[in-house]
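Visitor: Counting in this note's numbering, the sequence shown runs from 11 upward without gaps. C-beta: ideal position from N, C-alpha, C; glycine also.
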Amino acid sequence: MKLYVAMVGLPARGKSTLAKRIRSGLEQQGIRTAIFNNGELRRMLFGLESGSAEFFNPDNTRAQRLRDQITHQNMERARAWLDEGGDVAIIDATNGTVHQRVDLSATLRDRPVLFIECVNDDPLLLDASIRRKTRLPEFANMTQEEALESFRKRLAYYESVYTSVRKERCWIRVDAVDSCIQDEAPSNDLPYYAAIRDIISSRWVQDLYLVRHGETDYNREGRLGGDPSLTAKGIEQAEKLAAHFTQAVDQPGAAAGIVNAHQVHFLKSKVSHIKSPFPHSFWVLSFCVLLWAGFSAGPQRISSFPVPPDERRQPSPSGKWADRFGPAVPALPP
11 MKLYVAMVGL
21 PARGKSTLAK
31 RIRSGLEQQG
41 IRTAIFNNGE
51 LRRMLFGLES
61 GSAEFFNPDN
71 TRAQRLRDQI
81 THQNMERARA
91 WLDEGGDVAI
101 IDATNGTVHQ
111 RVDLSATLRD
121 RPVLFIECVN
131 DDPLLLDASI
141 RRKTRLPEFA
151 NMTQEEALES
161 FRKRLAYYES
171 VYTSVRKERC
181 WIRVDAVDSC
191 IQDEAPSNDL
201 PYYAAIRDII
211 SSRWVQDLYL
221 VRHGETDYNR
231 EGRLGGDPSL
241 TAKGIEQAEK
251 LAAHFTQAVD
261 QPGAAAGIVN
271 AHQVHFLKSK
281 VSHIKSPFPH
291 SFWVLSFCVL
301 LWAGFSAGPQ
311 RISSFPVPPD
321 ERRQPSPSGK
331 WADRFGPAVP
341 ALPP
């Protein structure tokens with residue numbers, strides 16, 4: 011069984027990140043998968059100059075011919091890879107017009123095609139993703155402001171001709187922020203459809219950090235439990251934690267996962283107010299940071315499952331350890 015997966019979506023919507031997730035998930039199931047990225051091929055064939063905003067102007071006929079050349083060359087690379095033994099070829103490109111998708115389906119009619127459209131309507135995350143795009147190689151000789159202006163102009167050209175999937179035979183529209191499927195046109199005879207759908211709608215994480223709260227008044231006194239406030243040192247620790255994670259996801263090598271900025275925004279706004287929410291235990295970790303740092307290193311999928319209610323898991327402000335000092339605990343009856 012062979013399959014083409016064609017990504018669809020405006021720039022900075024998470025197509026490449028989702029493509030890597032799909033590749034990783036399928037490979038874990040023994041399904042040989044490869045990604046063919048139009049942008050990487052464009053830079054290889056025509057150099058960094060092809061990153062100019064005018065290269066993406068739909069009225070630029072010369073550039074349009076070059077873009078068509080890139081598209082068809084990439085499709086042939088995908089076809090050759092499947093011919094040589096691959097199972098799934100992912101074409102990572104905008105594919106933003108009906109004409110482009112009709113042309114792709116006609117060119118690759120030797121095997122079925124699944125279109126996967128990525129959308130992102132969150133203004134905060136979209137802005138962060140756009141800013142991350144300024145680190146592309148073609149912007150290396152520009153200031154960040156110049157790179158932003160150029161990329162936003164490129165984006166406007168794409169938006170002027172963009173049409174969402176609807177008439178294609180098989181497609182899925184994905185909210186790239188929440189990893190949920192908004193709409194789909196499924197097909198019973200499409201290979202790997204169920205596996206890809208499961209990967210798309212599952213939560214994936216590469217790095218999960220469990221972080222204990224900063225120093226509290228009770229920590230300084232050696233007192234257990236309670237709901238104390240952070241000390242000045244605890245607040246300083248929280249601020250340093252926020253700064254550390256901000257720096258971690260702003261590294262140039264980080265993947266363009268648009269969730270990064272959201273998690274850091276949450277961290278920066280919340281971490282300085284963290285107190286211990288579980289008075290019954292001194293050693294409970296009271297804060298979790300779920301950091302989406304990209305998928306290139308092999309993320310693991312987290313599947314949700316029902317957890318039955320159990321009153322023993324509820325915090326109790328009157329636990330026998332509450333407000334006691336550490337040395338007194340061993341003397342308490344079991």
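#1: Quick check on this structure: which residue in Ser160, Glu86, Gly106, Phe125 has the alpha carbon closest to the alpha carbon of Ile182?
#2: Cα separation between Glu59 and Glu148?
#3: Contact check, Gly232 vs Leu146 under 8 angstroms by CB: the rounded distance?
#4: Who are the near neighbours of Ile210 in its chain, counting only those whose CB is closer than 6 angstroms to its CB and skipping five residues on each side?
#5: Quick one, are the C-beta atoms of Ala29 and Asp97 less than 8 angstroms apart?
#6: Should the region 165-181 be regarded as contacting the region 84-97, the criterion being three or more beta carbon pairs within less than 8 angstroms?
#7: Rounded to a whole number of angstroms, what is the C-alpha to C-alpha distance between Asp199 and Ile80?
#8: In the DSSP assignment, what are the bridge partners of Thr43?
#9: Go ahead and pull the three-state DSSP assignment for Ala16.
#10: Compute the Euclidean distance between the alpha carbons of Ser286 and His223, then round it to the nearest angstrom.
#11: Using the rule of at least 16 other Cβ atoms within 10 Å of the residue's Cβ for burial, across every protein chain shown, is Pro21 buried or exposed?
#12: Taking 8 angstroms as the cut-off, does the region 146-165 touch the region 185-204 (at least 3 CB pairs, one atom from each stretch)?
#13: Taking the alpha carbon of Leu51 as the reference point, which residue from Leu165, Met85, Leu13 has its own alpha carbon closest?
#14: State the Cα-Cα distance for the pair Arg176 and Asn229, rounded to the nearest angstrom.
#15: Which complete beta strand (DSSP E) runs does the region 42-88 hold, if anything under 3 residues is left out?
#16: Taking only runs that begin and end inside the region 194-240, name each unbroken beta strand (DSSP E) of 3 or more residues, in chain order.
#17: Can you give me the Cβ contacts of Leu158 inside the same chain, cut-off strictly under 8 angstroms, excluding the 5 residues immediately before and after it?
#18: In the DSSP output, what is Glu127 paired with across the bridge?
#19: Tell me which same chain residues have a C-beta within less than 6 angstroms of the C-beta of His275, skipping the five on either side of it?
#20: Within 10 Å of its beta-carbon, does Arg89 have 16 or more other beta-carbons around it, so buried, or fewer, so exposed?
#21: If you drop the 5 nearest sequence neighbours on each side, which residues of the same chain put their C-beta closer than 8 angstroms to that of Val108?
#22: By alpha-carbon positions, which one of Phe255, Gly24, Val15 ends up nearest to Ser189?
#23: Taking all protein chains shown into account, do 16 or more other C-beta atoms lie within 10 angstroms of the C-beta of Ser34, making it buried, or fewer, making it exposed?
#24: Going by CA-CA distance only, name the one from Ala205, Ala16, Thr241, Arg77 that's closest to Pro127.
Guide: Taking the structure as given:
#1: Phe125
#2: 7 angstroms
#3: Not really, about 53 angstroms apart at Cβ, beyond 8 angstroms.
#4: Val184
#5: no
#6: no
#7: 30 angstroms
#8: Val98
#9: strand
#10: Reliability of the predicted coordinates at Ser286 is poor, the pLDDT of 39 falling under 50, and the value obtained from them is presented with this limitation in mind. Taking the straight line joining both Cα atoms gives about 7 angstroms.
#11: buried
#12: no
#13: Met85
#14: 59 angstroms
#15: 43-47
#16: 213-215, 217-221
#17: Ile140, Arg141, Thr144
#18: Val18, Arg183
#19: Residue placement at His275 cannot be trusted, given a pLDDT of 43 that sits under 50; what the coordinates show is reported in the next sentence. Once the five neighbours on either side are set aside, His275 has no close Cβ partner at all.
#20: buried
#21: Thr173, Lys177
#22: Gly24
#23: buried
#24: As written in the sequence, residue 127 is Glu, which differs from the Pro given in the question. Per the Cα distances, Ala16.
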